[in-house]
Amino acid sequence: DGGITQSPKYLFRKEGQNVTLSCEQNLNHDAMYWYRQDPGQGLRLIYYSQIVNDFQKGDIAEGYSVSREKKESFPLTVTSAQKNPTAFYLCAAAPGANYGYTFGSGTRLTVV
Amino acid sequence: GIQVEQSPPDLILQEGANSTLRCNFSDSVNNLQWFHQNPWGQLINLFYIPSGTKQNGRLSATTVATERYSLLYISSSQTTDSGVYFCAVEPWRDSNYQLIWGAGTKLIIKP
Numbered sequence: 517d518g519g520i521t522q523s524p525k526y527l528f529r530k531e532g533q534n535v536t537l538s539c540e541q542n543l544n545h546d547a548m549y550w551y552r553q554d555p556g557q558g559l560r561l562i563y564y565s566q567i568v569n570d571f572q573k574g575d576i577a578e579g580y581s582v583s584r585e586k587k588e589s590f591p592l593t594v595t596s597a598q599k600n601p602t603a604f605y606l607c608a609a610a611p612g613a614n615y616g617y618t619f620g621s622g623t624r625l626t627v628v
Numbered sequence: 637g638i639q640v641e642q643s644p645p646d647l648i649l650q651e652g653a654n655s656t657l658r659c660n661f662s663d664s665v666n667n668l669q670w671f672h673q674n675p676w677g678q679l680i681n682l683f684y685i686p687s688g689t690k691q692n693g694r695l696s697a698t699t700v701a702t703e704r705y706s707l708l709y710i711s712s713s714q715t716t717d718s719g720v721y722f723c724a725v726e727p728w729r730d731s732n733y734q735l736i737w738g739a740g741t742k743l744i745i746k747p
């Protein structure tokens with residue numbers, strides 16, 4: 517089955533630690549996106565990548581970093597500089613501009 | 637920048653009822669999508685519909701690009717239709733290929 521796999525589903529982080537969220541796709545899509553969702557809110561764009569080895573900041577990139585070394589992989593690192601990282605993180609992919617998005621099932625990150 | 641407004645914010649219906657959800661946007665768009673987020677957080681793409689009408693089973697959508705709105709119709713609602721419905725658009729200018737999201741319509745279908 518083609519799709520997007522996010523792991524882990526649940527992640528607990530101590531303050532001051534960096535954590536990396538995985539996003540893998542087998543759809544052969546060029547574009548990939550990371551969103552953050554807080555309870556009862558809509559989605560906010562963290563980073564996106566239209567092509568391998570290139571990525572752009574979204575609206576709330578501070579405290580996050582990404583890489584796009586392979587077409588199928590777009591990991592997100594939540595650094596200690598992110599002051600309020602507890603949220604639901606969603607990864608998406610699309611064939612390119614003007615196409616529908618496919619989302620992964622998300623990772624719930626909690627800072628303890 | 638472009639504004640995306642969804643209405644109503646909340647909707648409670650009995651199973652079997654029909655509903656219409658609306659998405660208004662303030663500028664021309666290249667891309668408009670409707671999504672359903674289930675209670676477990678999974679986002680499912682319902683329609684990619686920058687213009688025209690599409691149907692998929694009990695769901696259909698219409699976008700009137702010249703009047704800057706889109707409608708999502710749900711017929712014969714089922715409890716599994718509960719969740720939040722989002723509209724997201726990509727403006728035709730200065731978009732950087734980013735989607736702008738509405739705040740969503742929370743739909744509750746009672747058995």
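Chains as they are written, first to last, in this note's numbering: chain R, 517 to 628; chain S, 637 to 747. Don't be surprised by glycine CBs; every beta carbon is placed ideally from N, CA and C.
Neighbours of Asn614/R in chain S, taken as residues at a C-beta separation under 8 Å, are given in chain order as Asn666, Asn667, Pro686 and Glu726. Within chain R, no residue has its beta carbon less than 7 Å from that of Ala697/S; the closest one is some 12 Å off. Ser655/S sits close to Ile710/S, with the two beta carbons spaced by under 8 Å. With at least 16 other beta carbons inside 10 angstroms of its own, Ile562/R counts as buried.
Taking a C-beta distance under 8 Å as the contact criterion, Leu606/R and Tyr526/R do not qualify as a contact pair.
Along the segment 589–618 of chain R, the positions whose C-beta sits under 7 Å from a C-beta of chain S are Phe604, Leu606, Ala613, Asn614, Tyr615, Gly616, Tyr617 and Thr618, read in chain order. For His672/S, same chain residues with a beta-carbon under 6 Å away, outside a window of 5 residues either side, are Ile680, Leu682, Gly719 and Tyr721 in chain order. The C-beta separation of Asp546/R from Ala603/R comes to about 26 Å, leaving the pair out of contact by the 8 Å criterion.
Shown here, Ala701/S sits in a helix according to DSSP, grouped into three states. Rounded to whole angstroms, the separation of the alpha carbons of Ile567/R and Val640/S is 28 Å. In this chain, Ala613/R is not harboured by any beta strand (DSSP E), its DSSP state being neither H nor E.
Pairing Leu592/R with Leu543/R gives a Cβ-Cβ distance that is not under 8 Å. Contact with chain R is absent for Ala701/S, since none of that chain's Cβ atoms lies less than 8 Å from the residue's Cβ.
Just measuring C-alpha positions, the residue of Arg704/S, Gly738/S and Thr715/S sitting nearest Asn674/S is Thr715/S.
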